[in-house]
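K.L.:
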Amino acid sequence: MIQLDGLTKRHGDVLAVDDLTFTVRPGLVTGFLGPNGAGKTTTMRMILGLDLPTSGTATINGRAHHELRHPLREVGSMLEAQAVHPRRSAYKHLLYLAQTNAIPDTRVAEVLDLVGLTAVAGRKAGEFSLGMGQRLGIAAALLGDPPVLMLDEPVNGLDPEGVLWIRTLIRGLAAEGRTVLVSSHLMSEMALTADRLVVIGKGRLIAEGDIGDFTEGGAAVVVRTPDAASFARRLELSGAYVQPGGGDELLVTGMTAPDVGRLAAAEGVPLFELAPRRASLEETFMELTRESVEYGVAR
Amino acid sequence: MIDAGVLRAEWTKFSSIRSTMVLSLATAGVAALLGWLFSSTAAKEYATATAQERLDFQPLDLGMRGMFIVQLLVAALGVLVASSEYGSGTMRASLAAVSGRGRLLAAKCGMTALAALPVSVAAVWLMFVTSQLTLSANGAPSVMPADPAALRLLLLGPLVLTLLALFGLSLGVLLRGTAPAVNVSTAFLLLPVMAGASPGFLRDLIGVYWPSMAALQAVSGKSELPEAVGFGLLAGFVTVLLTGAYVQLKNRDA
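Taken in sequence, the protein lines are chains A and B. Taking my numbering, the leading residue of the first sequence gets 259, the next gets one more, and so forth. Taking my numbering, the leading residue of the second sequence gets 501, the next gets one more, and so forth.
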């Protein structure tokens, strides 16, 4: 579990992170979403004790990072910037990390195997492709077999195979009961991986909830009928909001698909199509973050 | 005080990068070379010197002149222990793995001392051996290791160099980069060498009290200060810098 309580980071006049309070629960993948520059990385750096909060606290299973004797066994992390010396081999990189936390050397070979880097373990990290670098980052995160994992933009720049690999891995880690926080600026990616979402913009919490909550708000019904104009008036009289979709199509909000169907039957209007349509996460995300940007400008 | 696992990790970091290992070996090699170079020149001068000049001939000082360059290399070795982490971004990985800033810095101090001491011993002893052998082979006076002045230099010289490596380490942490830290370190260590050209008051101040100079002069027996004071000036100075490095490591975002 990761708990943030009033976490705030000020850089001069700029509030990079503004009074963030939320909890990341175990057994689930929590997506940490926000446009670039929203403060996701700064938040993760504060959780890891790399940046000092201006105020507020962040704890990992109830303890602050600086209270952890062997942090790698409590929280595994991969931050966006690759923190590997380009002239050090992958094996030595993982070995030194293991030694700091009294993790047996044999575990290094295990995680290398787990991420599929055994064959290139002796090669210098600077020669790695982006995908191999991400795998090395994941290996480092898993080194201490930690109950909490934090991955910053793990699929950035990966090929489709790599994306699928990370997605499967992340789901698997959560299924083992671990707390998994994954940041991304891509809602579409989170739609495929996350169970819960925390959305921030300009350092502030915008929304938090189960992934289903984010798609229900903007539900609409698509209707196609030859009597589009007159049926639209009839729908509006019944309290629905109708947008003409071009030709014989109507986009109806504020009324469920069964109610639209019943109304059409009662009025004797022929329907060619009647389909509920959920707002995509992408649209919800754009809507949410647009508000945060507007709020920021107004301020 | 020093966590064994964190210290082992520091050794893994240090030994897995070629540049630090190359610098260690190069320091010893350069020391031997400089011992030979300065003593050959000195031996040639001795051959054509007047009787009075021959009386003033200082085989130990002349043979160990190269120390002013060796000190730069050893300090750079200390710089690298910290700055290579900042340059590559591994400082973040290291700090995420070792939550106590003090524990990390203590391990880095331990690592720096463990690497710098053997390098310093090798450098000082090699320089002594090559220089005195070169002098005697060319018919100039030389000293034996058992000579009290030579013995003091052979035993205490490496300790001063090791303190200078810790000085380099603290600069690496404070300045967070190889280039700025090596530049500052080099300027600091060479300033007293060039101070001979400055006005009298300043020259005395720098020539006597400048921490690196005070310690090196205490070792070579030329200091106007008691030996312990010369040595203590450098030790105190390095302690202050390391404390500053700790405070910065603790209070600044990584």
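Every residue, glycine too, gets a C-beta built ideally from N, C-alpha and C. Model, not experiment: these values are computed from the prediction.
Output needed for residue 517/B: all residues of its chain with C-beta closer than 7 Å, excluding positions within five of it in sequence on either side, in chain order.
P.N.:
584
K.L.:
So residue 303/A is in the alpha helix (DSSP H); what residue range does that whole segment cover?
P.N.:
Secondary structure note for residue 303/A: its alpha helix (DSSP H) is the uninterrupted segment 298–305.
K.L.:
Would you say residue 595/B lies against chain A (beta-carbon separation less than 8 Å)?
P.N.:
yes
K.L.:
Are at least three pairs of beta-carbons, each pair with one atom in the region 618–632 of chain B and one in the region 654–665 of chain B, less than 8 Å apart?
P.N.:
yes
K.L.:
Mind checking if residue 682/B is an interface residue toward chain A, Cβ cutoff 8 Å exclusive?
P.N.:
Chain A contact via Cβ: absent.
K.L.:
Please confirm whether residue 745/B has its beta-carbon closer than 8 Å to some beta-carbon of chain A.
P.N.:
no
K.L.:
For chain A, check one thing: does any of its Cβ atoms lie closer than 8 Å to the Cβ of residue 517/B?
P.N.:
yes
K.L.:
Kindly confirm or deny that the region 526–542 of chain A and the region 326–335 of chain A touch, where touching means at least three C-beta pairs closer than 8 Å.
P.N.:
no
K.L.:
Work out the CA separation of residue 314/A and residue 272/A for me, nearest whole Å.
P.N.:
17 Å
K.L.:
Roughly how many angstroms lie between the CA atoms of residue 506/A and residue 532/A, to the nearest whole one?
P.N.:
12 Å
K.L.:
Measuring straight from C-alpha to C-alpha, what distance separates residue 350/A and residue 515/B?
P.N.:
10 Å
K.L.:
Confirm, please, whether the CB-CB distance from residue 580/B to residue 664/B is below 8 Å.
P.N.:
no
K.L.:
Is it buried or exposed for residue 359/A, if we count other Cβ within 10 angstroms and need 16 for buried?
P.N.:
buried
K.L.:
Do residue 634/B and residue 720/B have their C-beta atoms closer together than 8 Å?
P.N.:
no
K.L.:
Please determine, among 616/B, 541/B and 563/B, the residue with the shortest C-alpha to C-alpha distance to residue 526/B.
P.N.:
616/B
K.L.:
Examine the Cβ distances between the region 554–568 of chain B and the region 283–293 of chain A and report whether three or more of them are shorter than 8 Å.
P.N.:
Touching, no.
K.L.:
Taking the beta carbon of residue 446/A as the centre, do at least 16 other beta carbons fall within 10 Å, making it buried, or is it exposed?
P.N.:
exposed
K.L.:
Starting from the C-beta of residue 511/A, find all residues in its chain whose C-beta is less than 6 Å away, skip the five residues before and the five after it, and write them out in chain order.
P.N.:
478 and 499
K.L.:
Check whether the region 387–394 of chain A touches the region 530–539 of chain B, taking contact to mean three or more Cβ pairs, one atom from each stretch, closer than 8 Å.
P.N.:
no
K.L.:
Does the region 429–444 of chain A touch the region 291–307 of chain A, meaning 3 or more C-beta pairs lie closer than 8 Å?
P.N.:
yes
K.L.:
Would residue 359/A pass as an interface residue toward chain B - the criterion being a Cβ-Cβ separation below 8 Å?
P.N.:
yes
K.L.:
Roughly how many angstroms lie between the CA atoms of residue 548/B and residue 673/B, to the nearest whole one?
P.N.:
50 Å
K.L.:
Quick one: using the 10 Å Cβ neighbour count with 16 as the cut-off for buried, is residue 451/A buried or exposed?
P.N.:
buried
K.L.:
Got a sec? Which residues, its chain only, sit under 8 Å from residue 525/A by beta carbon, not counting five neighbours each side?
P.N.:
489 and 492
K.L.:
If you draw a straight line from the alpha carbon of residue 554/A to that of residue 460/A, how long is it in whole angstroms?
P.N.:
With a pLDDT of 46 at residue 554/A, under the threshold of 50, the modelled position of this residue cannot be trusted; read the value that follows with caution. Going from the Cα of residue 554/A to the Cα of residue 460/A covers about 7 Å.
K.L.:
How about residue 568/B and residue 693/B: do their beta carbons lie closer than 8 Å?
P.N.:
A contact, by the Cβ cut-off of 8 Å.
K.L.:
Thinking C-beta only, is residue 542/B closer than 8 Å to residue 640/B?
P.N.:
For residue 640/B and residue 542/B, yes; Cβs fall inside 8 Å.
K.L.:
What does DSSP give as the partner residues of residue 507/A in its beta bridges?
P.N.:
482/A
K.L.:
Roughly how far, in whole angstroms, is the beta-carbon of residue 410/A from the beta-carbon of residue 337/A, given that I think they are within contact range, below 8 Å?
P.N.:
5 Å
K.L.:
Taking any Cβ of chain B, which residues in the region 309–333 of chain A have a Cβ under 7 Å from it, in chain order?
P.N.:
The residues in question are 309, 310, 323, 324, 326, 329 and 330.
K.L.:
Helix, strand or coil, according to DSSP, for residue 603/B in the structure here?
P.N.:
Helix at residue 603/B.
K.L.:
Taking only the alpha-carbon atoms, compute the straight-line gap between residue 310/A and residue 534/A and give it to the nearest angstrom.
P.N.:
Going by the C-alpha atoms only, they are around 48 Å apart.
K.L.:
Compute the beta-carbon to beta-carbon distance between residue 296/A and residue 305/A, rounded to the nearest angstrom, for a pair I have assumed lies under 8 Å.
P.N.:
About 15 Å; that fails the 8 Å criterion.
K.L.:
To the nearest angstrom, how far is it from the Cα of residue 463/A to the Cα of residue 453/A?
P.N.:
18 Å
K.L.:
According to DSSP, is residue 706/B part of a helix, a strand, or is it coil?
P.N.:
helix
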